[in-house]
Amino acid sequence: MLSLIVFLPLAAAVVLAVVPASVGGRMFTGSWVAVAAADLALVVAAWLGYDAGGGMAYEQQLRWIPSAGASYHVGLDGLSLPMVAVTSGLFLACAIHSLRQPHRVKSFVLLFLFLQTVSLGLFTALDLILFFVYFDLSIVGMYFVIARWGHGQARQSALKFFLYTFIGSLALLLGFIGLYLAAEPHTFDIVALSRANPLAGSGTYGALVLLAVGIGLAVKTPTVPFHTWLPPAHTDAPAAGSAILAGVLLKMGTYGFVRIAMPLLPATWRQYAGVVVIIGVVSVLYGALVALAQEDFKRMIAYTSVNHMGYIILAVGAAGIVAGSDEQARSLAITGAVTQMVSHGLLTGALFLLAGVLHDRRRSYDMSTYSGLAGPAPVFAGVTAVAVFASLGLPGFSGFIAEFQIFTGSLSSATVATALALLGILITAGLLLRALHRVFLGPLRIPDAPGAARDFTDLRPSEAASIMPLLAIAVVIGVLPRFLLNVIEPASTTLIEMVAR
Amino acid sequence: MNMHPAALIPELTLVAGAVLGLLLGAWLPRHRQWLVRLLAALACLAGLAATAVAMGNGPRMVFGGSYAVDVATNAGRIIVLAATLLTICLSIETVESHQRETEFYVLMQLAALGTITLTGAADLLLLVAGYLLASVPLYALAGFVKDAPGTEASLKYYLMGALLGVTMLTGITILYGTGRSTGYATLAQNLPAAPRAAVAVGIVAVLAGLLFKIGAVPAHFWVPDVTEGASTPVAAFVTTVPKIGGLIAVYRLVAEALPTVGVNWSLLVAVLAVASMTLGNLAAFFQDTVRRLLAYSTIGQVGYILLAVAVATRSEIALPALLFYLAAYAVTNLGAFAVVAELPHAPRLVDYRGLARRHPGLAAVLVVCLLGLVGTPPTGVFLGKLEVFSAAIDGGYTWLAVVAVANTVASLFYYLRWIAPALVAVPETASDTLVPAGRWSAVGAYTAGAASLALGLAGGIVLPLLTGSLLP
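First to last, the protein sequences are chains A and B. Residue numbers for the first sequence follow full-length UniProt numbering, so the first one is 1 and each next one is one higher. Residue numbers for the second sequence follow full-length UniProt numbering, so the first one is 1 and each next one is one higher.
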């Protein structure tokens with residue numbers, strides 16, 4: 001069942017690969033939407049069949065490379081199930097959004113189907129090598145998305161993205177090997193490793209392993225100071241690429257913290273939780289302040305991603321500070337972190353798709369050249385306003401639920417840091433509202449673009465159909481979060497118990 | 001004297017293929033020389049079949065304890081024979097109906113035979129015989145086309161090989177003098193009591209010859225010139241096959257003859273590994289011709305493989321790591337060369353612009369092989385690197401693994417310099433640089449690319465076959 005969810009897109013890609021490109025783009029985008037929808041349906045079925053109290057579900061383990069201690073081990077629990085759901089949802093949205101993809105449709109569709117398998121695979125992997133394989137393949141896939149379909153300085157941005165995250169992935173690999181060699185018998189299996197806790201009381205060795213794993217995940221997340229690849233990659237990627245990059249690929253880093261770093265290295269994590277908290281707060285504030293200074297709409301969203309990821313880092317760090325906090329608060333922080341991953345995936349995905357609308361119409365993201373767009377494009381303005389309000393954490397949206405839990409959960413153990421991080425909300429609220437104000441209100445002004453019509457077309461049906469459901473789910477989570485929290489909470493309690501060992 | 005010629009069927013089929021091929025070639029008219037090629041391919045296939053049978057028989061020493069038939073030898077045989085088969089496949093278009101086609105395949109088989117001898121040699125004299133047999137045919141092959149670059153390459157290759165071969169002989173003399181034997185087993189008993197300085201000089205001198213064979217720093221100067229000067233199939237062969245024998249020979253030497261000597265050969269190999277990977281990768285950065293880039297890439301790759309040798313006596317997983325990496329490296333490197341052979345009019349990186357449009361299949365093979373050489377999963381070299389790094393950390397050389405990882409990142413840069421134009425760029429004008437050479441090179445490329453991927457995915461089946469211990 002789970003393997004079907006993971007490999008369905010890839011199988012579809014293999015089938016589509018033999019269809020000649022001359023059949024026409026419609027055929028490819030159409031099949032893509034169908035496959036993505038089918039995959040989402042399967043995920044929904046898996047969610048409905050999931051027993052929240054039962055721990056790991058849909059587990060499957062096959063022999064792969066027994067002599068190297070690696071196996072094909074997959075499963076879903078409360079940490080991975082929401083991520084799998086967001087991933088398949090976002091890919092469906094991107095499929096719908098790309099119905100009008102003008103050039104090189106076939107390879108575009110094949111690449112995204114491949115990326116979907118890779119992303120879903122990563123969130124279901126329960127083996128470090130399997131995790132690593134998907135982690136690296138996601139970098140390869142995204143490199144080609146940016147380099148081939150991007151704009152501006154796409155080649156340089158793609159290379160920068162590749163080099164940074166690849167360095168990170170290799171640091172991660174060293175950390176994984178460190179874990180592998182510490183376990184007796186040697187294994188890469190996450191479940192077995194978390195049971196064995198091989199690096200308990202290992203001092204420097206454990207710290208080095210955590211450092212390697214931490215750097216790898218921090219680059220991918222990204223946190224300050226490893227975030228410099230993110231803004232160019234986002235700015236120059238195509239809209240669907242940015243949405244996947246922000247909505248899914250960034251989560252691979254934060255997910256790694258809750259799936260690997262915390263449960264496999266509990267003692268070391270507790271020891272260095274303070275450092276993590278500080279990195280989180282710096283990311284929150286730095287991301288927000290730099291976003292404030294941006295003229296480029298897409299780049300601004302990219303920096304708010306650094307800010308939002310910072311909240312997650314803060315929460316996972318605070319969850320490691322055992323002294324001065326009770327288990328419930330730390331569990332709340334983890335629940336908030338996972339909710340934030342879901343929420344950020346939905347909202348930033350939507351925001352990047354909306355930014356793609358600007359580029360699609362006028363080939364520019366420069367906010368100073370736009371003004372008063374609410375007149376010709378009221379739907380676009382309205383949807384963007386909703387996305388912006390949701391993103392700044394207004395109650396009633398998923399972002400609020402997430403950030404509320406993160407702050408409540410972190411406050412007792414990391415009081416000063418949490419208080420500082422609250423400022424981040426203030427700054428993001430200011431900058432997002434300012435952007436909204438500059439682009440949509442005031443007298444109408446749109447930049448000239450060669451070959452484009454004078455006016456500004458409102459959202460097309462395919463664009464609306466891809467963006468609005470994402471926001472609708474964000475609202476549902478904001479108003480009725482129980483269905484999500486019921487799944488996450490048992491898993492975060494388990495995680496906290498593991499960290500406290 | 002335990003002769004056991006039956007244990008040497010893979011070697012004997014190569015000899016038979018070479019000798020019969022030479023006789024046959026003297027008879028045949030030029031357009032019928034493909035029969036020699038067929039014979040060479042059949043010899044390789046027969047050797048592969050014989051090795052498969054031999055793997056079931058269990059390890060043994062033959063020829064008075066001078067030749068070991070164990071897991072390393074068998075793996076070496078399979079890799080060398082398969083690589084030779086692939087090279088034959090991708091050389092068909094280049095040497096078809098050449099006036100010396102017969103000689104080409106005969107020399108290639110003899111070089112493969114020498115390489116296999118290197119893998120099994122457990123005696124210094126047999127080692128040097130294998131060294132010569134694996135070198136001399138290649139000097140001739142490097143200058144096969146008789147043009148200026150080929151002649152220069154051949155001469156440089158020969159001079160380096162002769163010099164370091166003599167150095168190696170000197171080292172053997174010293175080790176024989178101090179250890180009172182040329183057999184590894186006896187050396188291992190006698191050398192710890194011998195004068196340390198003399199032993200150290202002997203080890204370094206013997207290593208020098210083997211470093212030449214594998215193209216590692218500091219004996220790497222011939223690699224770029226030969227790779228660029230010789231024809232593409234020869235370049236593919238020279239940068240792949242001798243390394244297999246050379247690396248297994250180094251491993252066997254340090255693990256069997258020197259396990260307890262008072263010389264820190266382990267650190268020496270580690271330093272050589274670092275030098276090799278760093279220099280190879282840095283020199284590859286701004287190369288503009290694909291063959292020179294591949295040449296420096298192979299120097300870098302040897303550095304990674306030497307990691308396994310450095311921890312030969314310190315980690316249980318060093319041997320499977322070495323053998324698996326060699327297998328993965330062989331198919332991946334040959335795959336990249338097969339693409340080059342298929343596109344003979346595209347010598348520079350920029351000529352590959354728009355390859356994905358014109359030949360999507362070849363572009364896919366190129367991406368698989370180049371990303372494979374970087375070590376991106378799920379290719380074979382990734383698994384090889386994983387094993388090698390694990391072995392290094394397990395053997396207490398964590399710093400070495402970190403250096404290797406840093407080098408891996410650096411290497412990414414120049415491989416991407418090749419991948420990017422091939423996949424991303426659109427050709428400005430319809431040029432004729434991307435005209436394919438023919439069917440066989442393409443077959444070779446697809447086979448190698450598929451094998452490179454398959455080794456990564458099916459590592460679970462292959463790795464146990466490579467696990468075992470060396471004789472004696």
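Glycine included, each C-beta is placed from N, C-alpha and C at the ideal position.
The secondary-structure analysis by DSSP pairs H234 (chain A) with nothing; it has no beta-bridge partner. Less than 7 angstroms divides the Cβ of H73 (chain A) from the Cβ of D127 (chain A). Interface flag for L412 (chain B) against chain A is set, since a Cβ pair is found closer than 7 angstroms. The beta carbon of F324 (chain B) does not come within 7 angstroms of any beta carbon belonging to chain A, so the residue lies off that interface.
Assigned with DSSP and collapsed to three states, M1 (chain A) falls in coil, not helix or strand. Assigned with DSSP and collapsed to three states, H227 (chain A) falls in coil, not helix or strand. According to the DSSP assignment, E59 (chain A) belongs to the beta strand (DSSP E) that extends over A57 to I65. Residues of chain A with a Cβ closer than 9 angstroms to the Cβ of G460 (chain B) are, in chain order, R63, W64, I65, P66, S67, A68, A70 and S71. Residues C89, L90, I92 and E93 of the same chain have their beta carbon placed closer than 8 angstroms to that of W440 (chain B), with the five preceding and five following residues left out of the count.
In this structure, DSSP gives G75 (chain A) an extended state, which the three-state scheme calls strand. In the DSSP assignment, Y67 (chain B) falls within the beta strand (DSSP E) that extends over Y67 to V69.
With distances taken between CA atoms, N74 (chain B) lies nearest to B:T117 out of B:W34, B:G64, B:T117 and B:V424. By DSSP's assignment, M61 (chain B) forms a beta bridge with B:A68. Around the beta carbon of E403 (chain A), a 10 Å sphere encloses 16 or more other beta carbons of the protein chains shown; the residue is thus reported as buried.
Between D136 (chain A) and chain B, the shortest Cβ-Cβ separation is below 7 angstroms. As summarised for the region 21-64 of chain B, the continuous beta strand (DSSP E) elements at least 3 residues long and confined to that stretch are 60-62, given in chain order. From the beta-carbon of I167 (chain A), the residues of chain B found nearer than 7 angstroms are V409.
Note that the C-beta distance between V62 (chain B) and A7 (chain B) is below 7 angstroms.
Taking C-beta atoms as the reference points, L314 (chain A) and G280 (chain A) count as a pair closer than 7 angstroms.
Using beta-carbon distances, V6 (chain A) does not count as an interface residue toward chain B, since no partner is under 7 angstroms. Segment contact: the region 241-254 of chain B against the region 113-128 of chain B, three or more CB-CB distances shorter than 8 angstroms; contact assigned.
In its chain, beyond the 5 residues on either side, L175, G179, S181 and A257 have a beta carbon closer than 7 angstroms to the beta carbon of L187 (chain B).
Of the candidates B:R60, B:Y415 and B:V80, B:V80 places its Cα closest to the Cα of L48 (chain B). Only those residues of the region 144-156 of chain A whose C-beta falls short of 8 angstroms from the nearest C-beta of chain B are listed: F144, A147, R148 and R155. For G280 (chain A), the secondary structure class from DSSP, reduced to helix, strand or coil, is helix. Ranked by Cα distance from L38 (chain B), the first of B:E96, B:I78 and B:E11 is B:E96. Judged by DSSP in its simplified three-state form, R104 (chain A) adopts coil rather than helix or strand.
Restricting attention to B:F337, B:L85, B:I9 and B:G280, the CA atom closest to the CA of M55 (chain B) is found in B:I9.
For D123 (chain B), the beta-bridge partners assigned by DSSP are B:G183. In the displayed model, R291 (chain B) falls within a helix according to three-state DSSP. Shown here, A171 (chain A) sits in a helix according to DSSP, grouped into three states. A check of alpha carbon separations from A310 (chain B) across B:P360, B:A392 and B:P195 identifies B:A392 as the nearest.
Membership of L265 (chain A) in any alpha helix (DSSP H) is not indicated, and neither H nor E is assigned to it by DSSP.
Interface flag for V275 (chain A) against chain B is unset, since no Cβ pair is found closer than 7 angstroms. Chain A has no Cβ within less than 7 angstroms of the Cβ of D288 (chain B).
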